[in-house]
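One structure is given below, encoded as structure tokens.
Numbering (UniProt numbering), first residue to last: 1 to 170.
Here it is as structure tokens:
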């Protein structure tokens, strides 16, 4: 009785490797875009959750709650850095000794940008935004201009809405 052995020939292995390398070349750039979009989506969700938490805390504790990036005790416009949420007991947009941190968002990667036209958002006990602090967060991925950015617009009433935005020139 004759026995046969099953195996791949060298040509079959080379063709398989060629097909695999072509597939990897096609999917790798789109995988990078997928990761960037996922990172953007996660950060936008964190911002929306932070806005809702700050608004809810201001209402339930009958106090003012400020959202801002801090440089020492002072709010800054560096929205790409860590963003803090704190009960602002004396309503001054400074983190004082009698204030209490209730949350934080980590800084975004250097390849992304996050902007807001004000240095802070302060929710009052009636759920509205203090002063003229309404505006839009704009999150863009700098090294992938083909990916649409996300915009979270915060109204004076303290509510927000999200939409896509063009990041060209940002």
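Cβ coordinates follow ideal geometry from the N, Cα and C atoms, glycine included.
- For residue 77 and residue 19, the gap between their C-alpha atoms comes out near 50 Å.
- Out of 6, 87 and 47, the CA that lies nearest to the CA of residue 64 is found in 87.
- In the three-state reduction of the DSSP assignment, residue 13 falls in the helix class.
- Comparing alpha carbon positions, the residue from 84, 148 and 51 closest to residue 105 is 84.
- Using a Cβ distance threshold of 8 Å, residue 135 and residue 55 do not count as a contacting pair.
- Of the candidates 150, 79, 62 and 113, the residue whose Cα lies closest to the Cα of residue 90 is 62.
- The UniProt domain "General secretion pathway GspH" (47–158) is shown to contain whole beta strand (DSSP E) runs of 3 or more residues at 65–71, 83–87, 100–105, 112–115, 121–123, 135–141 and 149–154, in chain order.
- Between the region 120–136 and the region 94–104, the count of Cβ pairs shorter than 8 Å is below three; the stretches do not touch.
- By the C-beta density criterion, residue 72 is exposed, having fewer than 16 other C-beta atoms within 10 angstroms.
- Ranked by how close their Cα comes to the Cα of residue 151, the residues 17, 45 and 32 have 45 in first place.
- A Cβ-Cβ distance of about 7 Å is found for the pair residue 68 and residue 93, placing them in contact under the 8 Å criterion.
- Across the structure, residue 7 and residue 15 are spaced so that their CA atoms are roughly 15 Å apart.
- Residue range 160–165 is occupied by the beta strand (DSSP E) that includes residue 162.
- Closest option to residue 168, judged by alpha-carbon separation, among 139, 161 and 156: 139.
- With respect to the 8 Å criterion, residue 42 and residue 144 are not classified as neighbours on the basis of their beta carbons.
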